[in-house]
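Notes follow once the structure below has been shown.
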Amino acid sequence: MIDMKNVTMVYNGSKSPAVEDINLKVKKGEFLFLVGPSGSGKSTLVKLMIRELVPTRGDIHIAGHDIVRMRLGKVHLLRRNIGCVFQDFKLLPNKTAYENVAFALEVIGKSQHAIKSQAPEALKLVGLKGKFDRYPSELSGGEQQRVSLARAFVNRPPLLLADEPTGNLDPSISMEIMILLERINKTGTTVLMATHDKEMVNNLRKRVVALEHGKIVRDQARGVYGHEV
Amino acid sequence: MKFRPIYFTHEAIDNMRKNFAMSSAAISTAALSLFLVGVFLLIFFVWNSFMGATLSKLEIEVFLKDSATPEQVENFQNEILSWDEVKTIKYISKDEALKIFKEKMKDKPEMLEAMTGNPLPASIRVFLNDAHDTDLVVGKIKGYKNLENLVEDATVDIKYGADYIEKLFSVIKLIGWVGLAAAALLCFASIVMIINTIRLTILARKREVSIMRLVGASKWFVRWPFLLEGMFQGFIGALISIGLVYFVKVWVLRQVTEVVPFLDLSVSNVLFLWLVLGMVLGGVLIGAAGSTIALRRFLKV
Chain A
1 MIDMKNVTMV YNGSKSPAVE DINLKVKKGE FLFLVGPSGS GKSTLVKLMI
51 RELVPTRGDI HIAGHDIVRM RLGKVHLLRR NIGCVFQDFK LLPNKTAYEN
101 VAFALEVIGK SQHAIKSQAP EALKLVGLKG KFDRYPSELS GGEQQRVSLA
151 RAFVNRPPLL LADEPTGNLD PSISMEIMIL LERINKTGTT VLMATHDKEM
201 VNNLRKRVVA LEHGKIVRDQ ARGVYGHEV
Chain B
230 MKFRPIYFTH EAIDNMRKNF AMSSAAISTA ALSLFLVGVF LLIFFVWNSF
280 MGATLSKLEI EVFLKDSATP EQVENFQNEI LSWDEVKTIK YISKDEALKI
330 FKEKMKDKPE MLEAMTGNPL PASIRVFLND AHDTDLVVGK IKGYKNLENL
380 VEDATVDIKY GADYIEKLFS VIKLIGWVGL AAAALLCFAS IVMIINTIRL
430 TILARKREVS IMRLVGASKW FVRWPFLLEG MFQGFIGALI SIGLVYFVKV
480 WVLRQVTEVV PFLDLSVSNV LFLWLVLGMV LGGVLIGAAG STIALRRFLK
530 V
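Residue numbers (the numbering used here), protein chains in the order written: chain A, 1 to 229; chain B, 230 to 530.
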């Protein structure tokens, strides 16, 4: 599903690379935690996978498509197959929670009928029943994050990327989100989750890829967050 | 991605409502700039129709010998009338000429008293379709085969304001070019101003555009609502400016005509309709161009 080869990303105006020489393979249907301290390159990797960034060097294939050489006019087709929960939520400020989720279905041309059944369902699943008509500015950080998550999986993408989806949530809701992500994973969706949440990683015993200073330092099946220093 | 008129229109109107301050700025910029262009063109049209009216009053007058027979005069008239450049002719008999003269001189009876009999010649006044053809028609008259039977001296008895017309034409031409250049400059300034305002409104929503792209919207899916929004803004701006220009046309022209009643200042309704159409079309196109240009950079996500 994801195949990165020798990927290096150097931001404009920066000397040291944000990620360096990354080799990562993720199979279809896998659940993977991407862990590491702030600034270790987790978000950069996620951005590279949805081609928000183009790597300085290296190859990235998503579901068999070479996304580094992909034409800009085709990129939206890639993104429709990837649900993404962004660290900064990336909700449209002029749209309500419901409209934000519906937007992901509008862009792929779903019928109004389908949108009216799927969008509310996704919002209910993330526990936002009764807050459909709130604008992002009227929601708490955790609620905004859940809208972002609902939008990411509403069109049932084969790949779900989540950048710190539980970062701002209290533990009980975090657990619910995790259960939700696992359920999504069980239906065959590949899930990649970048996180800080040590307890969660340790409890779930999934594949763990640890990043440090932009390099993969550990790749462990049924792994843990790491040893305290 | 197929075009979805209802969804995109709804999005565009929704965006305008939610970004009311920005939309108002864009609309009023469009209205003001189009108003300036419109008033300028209106003045230009008034000037043109005024000059046209003045020029159409220019005429060639051929003074006839008393000895010319009615038959010769009639042949001559038929010949002139057969020319394409000639709109109409008017025969002024000796009696009519005297009547016109008396009318002109009624404040100076002593001149009339000194006159015995009727020394005034009959004449033919020739009116042209286009005053530019004056020289051509005069040449044709001079080349008429029986002219010596009709006219005493071709250089004196065929009257037309040769020098006067030449000068007038060069002045009109100059004013026309200057006006056109100024109009072009004004149009350009307006376009730049409107496009810039629309760019600012979109710049404020740069993040929104990138979000849409990141959740899988095609370029056109993002572009259409913005394009329609720009077109609506241009359209509404044009409507407002047309209202203002109409007010200028009706009210200001009436004021001027009251002060200087002998000036025939008017714009034909057809021409005004063209102006209105041009402004609406201009507003819509500039609005579309503005949003397209502004979006181009942000869509590269």
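All residues carry an ideal CB built from backbone N, CA and C; glycine is no exception.
Because the structure is a prediction, the values reported are computed rather than measured.
| Query | Result |
| --- | --- |
| Pair within 9 Å by beta-carbon distance, A:I177 and A:R218 | no |
| Validate contact between the region 119-128 of chain A and the region 79-87 of chain A using beta carbons, cut 8 Å, 3 pairs | no |
| Segments assigned alpha helix (DSSP H), at least 4 residues, entirely inside the region 462-503 of chain B | 482-488 |
| In chain order, each alpha helix (DSSP H) run of at least 4 residues that lies wholly inside the region 142-186 of chain A | 171-186 |
| Short CB-CB distance (under 9 Å) between A:A104 and chain B | yes |
| Cross-strand partners of A:E212 (DSSP beta bridge) | A:K215 |
| Environment of A:K42 [buried if 16+ CB atoms lie within 10 Å] | buried |
| Residues of its chain near B:V513, where Cβ-Cβ distance is below 6 Å and the 5 sequence neighbours each way are ignored | M460, G463, F464 |
| Local conformation of A:V229 per DSSP, three classes | Caution applies to A:V229, whose pLDDT of 41 falls short of 50 and renders its modelled position unreliable; the value that the coordinates give is listed next. If DSSP states are grouped into helix, strand and coil, A:V229 belongs with coil. |
| Contacts of A:I50 in chain B (Cβ-Cβ under 7 Å) | L443 |
| Segment contact flag, the region 307-320 of chain B with the region 351-360 of chain B, C-beta cutoff 8 Å, min 3 pairs | yes |
| Contacts around B:A254, its chain only, beta-carbon distance under 8 Å, and the 5 residues preceding and following it disregarded | T426, L429, T430 |
| Close Cβ partners of A:V229 (< 6 Å) along its chain, the five nearest in sequence each way excluded | Reliability fails at A:V229, whose pLDDT of 41 lies under 50, so the model's placement of it is uncertain and no value is given. |
| Contact under 9 Å by Cβ, A:M181 with A:A63 | Correcting the residue identity first, residue 181 of chain A is Leu in this sequence and not Met. Result no, Cβ atoms of A:L181 and A:A63 do not sit closer than 9 Å. |
| Opposing strand residues paired with A:Q220 [DSSP bridges] | A:V208 |
| B:K369 versus B:N378, B:R233, B:F305, residue with shortest Cα-Cα distance | B:F305 |
| Chain-ordered chain A contacts of B:E437 [CB-CB under 8 Å] | L92, P93, N94 |
| Counterpart residues of B:Y320 in DSSP-defined beta bridges | B:I353 |
| B:L482 to A:L105 span [Cα, whole Å] | 57 Å |
| Three-state secondary structure (DSSP) of B:E240 | helix |
| Contact with chain B by A:F31, beta-carbon distance below 9 Å | no |
| Within 8 Å of chain B by C-beta, residues of the region 52-76 of chain A in sequence order | E52, L72, G73, V75, H76 |
| DSSP beta-bridge partners of A:H61 | A:D3, A:D66 |
| Partner residues on chain A for B:I440, Cβ-Cβ distance less than 8 Å | K90, L91, L92 |
| CB contact below 9 Å: A:V107 versus chain B | yes |
| Assigned exposure category for B:A433 - 16 Cβ within 10 Å defines buried | exposed |
| Where A:F153 falls, given that 16 or more other Cβ within 10 Å makes a residue buried | buried |
| Reduced DSSP category for A:G83 - H, G, I as helix; E, B as strand; rest coil | strand |
| Pair within 9 Å by beta-carbon distance, A:V101 and B:F450 | no |
| Proximity winner among A:V54, A:R69, A:R207, A:T195, relative to A:S40 (alpha-carbon distances) | A:T195 |
| C-alpha distance - A:L23 paired with B:L443, whole-angstrom precision | A small correction: the amino acid at residue 23 of chain A is Asn; Leu does not occupy that position in the sequence shown. Distance between the alpha carbons of A:N23 and B:L443 is about 24 Å. |
| Residue interval of the beta strand (DSSP E) (run including A:D21) | 19-26 |
| Three-state class that DSSP yields for A:M9 in the structure shown | strand |
| Burial state of A:P17, where buried means 16 or more other Cβ atoms lie within 10 Å | buried |
| Where B:L265 falls: helix, strand or coil (DSSP) | helix |
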